[in-house]
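Numbering (my numbering), first residue to last: 63 to 397. For each residue, glycine too, the CB sits at the ideal point set by N, CA and C.
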Amino acid sequence: MGRILLTGGAGFIGSHTYVELVAAGHEVVIVDNFSNARRDVIDRLEVITEAPVLFHEGDVLDKRFLEDVFRQHDFDAVIHFAAKKAVGESVEQPLLYFQTNCTGFATLLGAMKDARVFRIVFSSTATVYGNPVSLPCAEDHPIAPLSPYAHSKVTCETLLRQLKESDDRWAYGILRYFNPAGAHDSALIGEDPNDIPNNLMPYIAKVATGELPHLNVFGNDYDTPDGTGIRDYIHVVDLARGHVQSVNKLIDEDDSHVLNLGTGTGYSVMDMLRSYEKACGKELPYKIAPRRAGDIDCFFADPALARDYLGFEAQRGLDEMCRSSWNWVSRLRNR
Ligand code: UD1
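Quick look at the structure:
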């Protein structure tokens, strides 16, 4: 087992990964600037894991801060989540995305190098593939980023490859996520967007709690069985387990890898809505709205490589994603 630095460990995927890492016996230290996470996530992680959480508040752009963290702990590996992730916002503010995602990552890698920590799991996205030319989408699908956000992730992936070519001590796991959904079984952590959500599941969740009046279904004339967009939703706890398997592989074998984390099964917007209705026990209002710019009809992973290489397989289905999301948001509202 190892000592692991988790940047962005208070965020949605980061917090779930923290829980799975601790359950797997790792010693984990969180770094987070709480720019998109609530401070009480730390307390909640302590409740879930029944142990104190080690964390440092600070920014990955702050080299001094990072040096100080690396001085205080002797890490075997880093898992890097701390980044910005809204496609639309990245179009408005490309500089912010380059700075946080690319410069922040380069700063972290510099601090790692100085501290002689060479193993890193990097949080990437299936958005790097752009519009799919073949489905299911495997890791050798062409890379064609369409937004500053996607570009920032491609830049980081490229930097990792170049670093490894320059110095073979580096070992990386690049994980390209499909669409994360759901929440922890405890209903103590989950996705908690401050603003009106851009993504489908948190939007449906706010319709279910009554915070938003109805779902806008962005187009029902896509080339899919019910006309609405199809995506590969993966339970965030499965996604978190994928990180544990990736970092274990690095610690045990120093073997670099680039993997999709998805289920291989696509669901439509209407499938999601129906499953959420089942979970919350009521009908959810929706309206058919125009297509959202840049959306595609269908996108899902080829999960075979992650299965063959890591033994990773998603275990939780759509109903579990909706049920856990509903448990989380209905409690969140009542607290
Ligand atoms: C988006 C991001 C992607 C990110 C992914 C997971 C864009 C262009 N891409 O992908 O970078 O990796 O989220 O976080 O933003 N939908 C509705 N109504 C809504 C919201 C969504 O009908 O209010 C539909 C969309 O048209 C799409 C599906 O639901 O068919 C999923 O949308 P979303 O959750 O935003 O994910 P992606 O578009 O796949």
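Quiz item: By Cβ distance, which residues of its chain are closer than 6 Å to Gly252, with the 5 residues on each side in sequence left out?
Solution: Ala245 and Trp390
Exercise. Could you round the C-beta distance between Lys125 and Thr79 to whole angstroms and report it? I think they count as a contact, below 8 Å.
Key: Not confirmed; about 24 Å, so no contact.
Quiz item: So what does DSSP say about Asn278, is it helix, strand or coil?
Solution: strand
Quiz item: What's the gap between the Cα of Ala368 and the Cα of Ala233?
Solution: 17 Å
Quiz item: Got a sec, what are the start and stop residues for the alpha helix (DSSP H) Arg369 sits in?
Solution: Ala366 to Leu372
Quiz item: Taking 7 Å as the cut-off, is the CB of Asn282 close to at least one heavy atom of ligand 1?
Solution: no
Quiz prompt | Pairwise C-alpha distance: Gly324 and Leu301 | solution = 8 Å
Quiz item: If you run the structure through DSSP and keep just helix, strand and coil, what is Pro242?
Solution: strand
Exercise. Indicate whether Tyr265 and Leu277 have their beta-carbon atoms separated by less than 8 Å.
Key: yes
Quiz item: In this structure, what does DSSP give as the bridge partners for Cys164?
Solution: Answer is none; Cys164 lacks a bridge partner.
Self-check item: Cβ neighbours of Val309 in the same chain (closer than 8 Å, five flanking residues each side left out)
Solution: Gly64, Ile66, Leu83, His88, Ala139, Ile141, Arg181, Val183 and Gly235
Quiz item: Count the other CB atoms within 10 Å of the CB of Arg303; is the residue buried (16 or more) or exposed (fewer)?
Solution: buried
Quiz item: Using the beta-carbon count (16 or more within 10 Å), is Leu372 buried or exposed?
Solution: buried
Exercise. From the DSSP output, read off the bridge partner residues of Gly328.
Key: Beta-bridge pairing links Gly328 to no other residue.
Quiz item: Do the region 198-205 and the region 353-368 make contact, defined as three or more Cβ pairs closer than 8 Å?
Solution: yes
Quiz item: Based on the DSSP secondary-structure assignment, which residues constitute the bridge partners of Gly235?
Solution: Val183 and His319
Quiz item: Using DSSP with H/G/I as helix, E/B as strand and the rest coil, what is Thr220?
Solution: helix
Quiz item: Secondary structure at Arg399, three-state DSSP: helix, strand or coil?
Solution: Nothing can be reported for residue 399: it is not among the residues displayed for the chain, which extend from 63 to 397.
Quiz item: In chain order, what residues of the same chain have a beta carbon less than 7 Å from the beta carbon of Gly120, not counting five sequence neighbours either side?
Solution: Val93, Asn95 and Phe127
Quiz item: What does a CB cutoff of less than 8 Å around Asp285 pick up in its chain, not counting 5 residues either side in sequence?
Solution: Asp359 and Cys360
Exercise. Would you tell me roughly how many angstroms separate the C-alpha atoms of Asp317 and Leu237, rounded to the nearest one?
Key: 14 Å
Quiz item: Looking at Val179 and ligand 1, is the gap between the Cβ and the nearest heavy atom below 7 Å?
Solution: no
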